[in-house]
(Lines of atoms letter the chains of each structure in order from A and count residues from 1; the text may use other names and numbers.)
(Lines give C-alpha, C1' and ligand atoms only; values in the text may rest on other atoms or scores of the structure.)
Protein backbone atom coordinates (compact mmCIF):
# COMPACT_ATOMS: atom_id res chain seq x y z
CA UNK A 1 0.00 0.00 0.00
CA UNK A 2 1.16 3.49 -0.68
CA UNK A 3 0.99 6.37 1.78
CA UNK A 4 -1.94 7.76 -0.21
CA UNK A 5 -4.07 4.62 0.26
CA UNK A 6 -7.44 5.39 1.79
CA UNK A 7 -8.55 4.03 5.14
CA UNK A 8 -11.21 1.39 4.48
CA UNK A 9 -14.18 1.45 6.86
CA UNK A 10 -17.13 -0.93 7.08
CA UNK A 11 -20.22 0.71 8.61
CA UNK A 12 -22.80 -1.81 9.81
CA UNK A 13 -26.21 -1.79 11.50
CA UNK A 14 -26.35 -5.02 13.50
CA UNK A 15 -29.46 -6.52 15.01
CA UNK A 16 -33.10 -5.74 14.47
CA UNK A 17 -32.78 -1.97 14.78
CA UNK A 18 -34.37 -0.43 11.68
CA UNK A 19 -33.06 3.11 12.10
CA UNK A 20 -30.09 3.83 9.86
CA UNK A 21 -30.03 7.60 9.52
CA UNK A 22 -27.11 7.96 11.96
CA UNK A 23 -25.12 5.25 10.17
CA UNK A 24 -25.66 7.00 6.85
CA UNK A 25 -24.57 10.34 8.32
CA UNK A 26 -21.40 8.73 9.67
CA UNK A 27 -20.71 6.98 6.37
CA UNK A 28 -21.01 10.25 4.48
CA UNK A 29 -18.79 12.12 6.96
CA UNK A 30 -16.09 9.46 6.67
CA UNK A 31 -16.30 9.58 2.86
CA UNK A 32 -16.08 13.37 2.95
CA UNK A 33 -12.96 12.96 5.11
CA UNK A 34 -11.35 10.88 2.34
CA UNK A 35 -12.01 7.39 3.66
CA UNK A 36 -13.38 4.53 1.60
CA UNK A 37 -16.66 3.42 3.19
CA UNK A 38 -18.62 0.22 2.71
CA UNK A 39 -22.13 0.42 4.18
CA UNK A 40 -23.74 -2.98 4.76
CA UNK A 41 -27.29 -1.83 5.38
CA UNK A 42 -29.82 -2.81 8.03
CA UNK A 43 -30.26 -5.94 10.13
CA UNK A 44 -26.80 -7.41 9.84
CA UNK A 45 -25.77 -10.43 11.91
CA UNK A 46 -22.31 -10.59 13.48
CA UNK A 47 -21.47 -13.29 10.93
CA UNK A 48 -22.50 -11.07 8.03
CA UNK A 49 -20.49 -8.15 9.40
CA UNK A 50 -17.28 -10.13 9.91
CA UNK A 51 -17.66 -11.85 6.54
CA UNK A 52 -18.05 -8.47 4.79
CA UNK A 53 -15.09 -7.04 6.71
CA UNK A 54 -12.94 -9.98 5.63
CA UNK A 55 -14.05 -9.79 1.98
CA UNK A 56 -13.60 -6.01 1.82
CA UNK A 57 -10.23 -6.07 3.64
CA UNK A 58 -11.23 -3.18 5.91
CA UNK A 59 -9.12 -1.60 8.63
CA UNK A 60 -12.09 -0.31 10.63
CA UNK A 61 -15.53 -1.63 11.52
CA UNK A 62 -18.05 0.91 12.76
CA UNK A 63 -21.13 -0.54 14.42
CA UNK A 64 -24.17 1.70 14.81
CA UNK A 65 -26.47 0.34 17.51
CA UNK A 66 -29.61 1.97 18.85
CA UNK A 67 -31.51 -1.16 19.89
CA UNK A 68 -29.81 -1.86 23.22
CA UNK A 69 -28.45 -5.17 21.95
CA UNK A 70 -24.81 -4.03 22.08
CA UNK A 71 -23.93 -6.30 25.04
CA UNK A 72 -24.90 -9.36 22.99
CA UNK A 73 -23.84 -8.30 19.49
CA UNK A 74 -20.50 -6.58 20.06
CA UNK A 75 -18.79 -9.43 22.00
CA UNK A 76 -19.91 -11.85 19.26
CA UNK A 77 -18.40 -9.62 16.55
CA UNK A 78 -15.15 -9.34 18.54
CA UNK A 79 -14.98 -13.13 19.06
CA UNK A 80 -15.54 -13.76 15.36
CA UNK A 81 -12.83 -11.25 14.42
CA UNK A 82 -10.38 -13.10 16.70
CA UNK A 83 -11.43 -16.46 15.23
CA UNK A 84 -10.68 -15.09 11.75
CA UNK A 85 -7.30 -13.66 12.87
CA UNK A 86 -8.53 -10.12 12.28
CA UNK A 87 -7.19 -8.69 15.54
CA UNK A 88 -5.75 -5.71 13.67
CA UNK A 89 -9.21 -4.40 12.65
CA UNK A 90 -10.19 -1.34 14.69
CA UNK A 91 -13.75 -1.63 16.01
CA UNK A 92 -15.74 1.42 17.02
CA UNK A 93 -19.32 1.56 18.25
CA UNK A 94 -21.77 4.42 18.07
CA UNK A 95 -25.30 4.89 19.27
CA UNK A 96 -27.23 4.59 22.48
CA UNK A 97 -24.63 3.04 24.77
CA UNK A 98 -25.19 3.56 28.53
CA UNK A 99 -22.09 4.71 30.42
CA UNK A 100 -22.13 1.60 32.62
CA UNK A 101 -21.77 -0.67 29.55
CA UNK A 102 -18.67 1.07 28.17
CA UNK A 103 -16.05 -0.72 30.34
CA UNK A 104 -17.29 -4.18 29.28
CA UNK A 105 -17.31 -3.22 25.60
CA UNK A 106 -13.78 -1.85 25.86
CA UNK A 107 -12.68 -5.01 27.68
CA UNK A 108 -14.15 -7.02 24.79
CA UNK A 109 -11.81 -5.12 22.45
CA UNK A 110 -13.78 -2.11 21.22
CA UNK A 111 -11.35 0.74 20.58
CA UNK A 112 -13.82 3.64 20.76
CA UNK A 113 -17.39 4.30 21.76
CA UNK A 114 -19.25 7.34 20.48
CA UNK A 115 -22.49 8.37 22.13
CA UNK A 116 -25.09 10.84 20.82
CA UNK A 117 -23.67 14.33 20.42
CA UNK A 118 -20.19 13.25 19.38
CA UNK A 119 -18.93 15.42 16.54
CA UNK A 120 -18.09 13.88 13.18
CA UNK A 121 -14.66 15.53 13.40
CA UNK A 122 -13.96 13.68 16.65
CA UNK A 123 -14.79 10.32 15.06
CA UNK A 124 -12.66 11.06 11.98
CA UNK A 125 -9.76 12.16 14.17
CA UNK A 126 -10.07 9.02 16.33
CA UNK A 127 -9.93 6.74 13.30
CA UNK A 128 -6.95 8.56 11.79
CA UNK A 129 -5.07 8.42 15.10
CA UNK A 130 -5.72 4.70 15.61
CA UNK A 131 -5.28 3.25 12.12
CA UNK A 132 -1.58 2.63 11.48
CA UNK A 133 0.09 4.71 8.77
CA UNK A 134 0.08 2.88 5.49
CA UNK A 135 3.27 2.44 3.52
CA UNK A 136 5.25 4.99 5.49
CA UNK A 137 8.40 3.82 7.22
CA UNK A 138 9.53 5.89 10.17
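In our numbering, the protein residues as written are 53 to 190. Backbone N, C-alpha and C fix where the C-beta goes; we use that ideal spot for every residue, glycine too. In this text, all values refer to a predicted model and were calculated from it rather than measured experimentally.
Under 8 Å by Cβ, that's how I've got residue i and residue j pegged, so tell me the actual separation to the nearest angstrom.
i	j	result
residue 65	residue 93	7 Å
residue 125	residue 113	No, residue 125 and residue 113 are not in contact; Cβ-Cβ is about 12 Å, not under 8 Å.
residue 147	residue 70	With a Cβ gap of about 13 Å, residue 147 and residue 70 do not count as contacting.
For residue i, which residues of its own chain have a beta-carbon under 7 Å away from its beta-carbon, when the five flanking residues on both sides are left out?
i	result
residue 127	160
residue 68	95, 119
residue 122	145, 149, 153, 157
residue 83	89
residue 182	142, 163
residue 106	136, 138
State the DSSP-derived secondary structure class of residue i, mapped to helix, strand or coil.
i	result
residue 60	strand
residue 98	helix
residue 176	helix
residue 168	coil
residue 114	strand
residue 121	coil
residue 53	Here residue 53 scores only 43 on pLDDT, less than 50, and its place in the model is too uncertain to base an answer on.
residue 140	coil
residue 161	coil
residue 127	helix
If you measure between the beta carbons of residue i and residue j, is that distance less than 9 Å?
i	j	result
residue 78	residue 116	yes
residue 145	residue 157	yes
residue 178	residue 164	yes
residue 8	residue 111	Any property of residue 8 remains undetermined from this structure, which presents the chain solely from 53 to 190.
residue 162	residue 143	yes
residue 81	residue 172	yes
In the DSSP output, which residue or residues are listed as bridge partners for residue i?
i	result
residue 82	None; residue 82 has no bridge partner.
residue 88	60
residue 154	Answer is none; residue 154 lacks a bridge partner.
residue 146	116, 166
residue 66	96
If you drop the 5 nearest sequence neighbours on each side, which residues of the same chain put their C-beta closer than 6 Å to that of residue i?
i	result
residue 72	65, 94
residue 88	58, 60
residue 166	146, 175
residue 180	none
Using a Cβ-Cβ cut-off of 8 Å (strictly less than) and excluding sequence neighbours within five positions of residue i, which residues of its own chain qualify?
i	result
residue 108	60, 62, 90
residue 189	Note that residue 189 has pLDDT 36, beneath the 50 cutoff, so the model's placement of it is unreliable and the number below is only indicative. Closer than 8 Å at the Cβ level, and outside the excluded window around residue 189, lies no residue.
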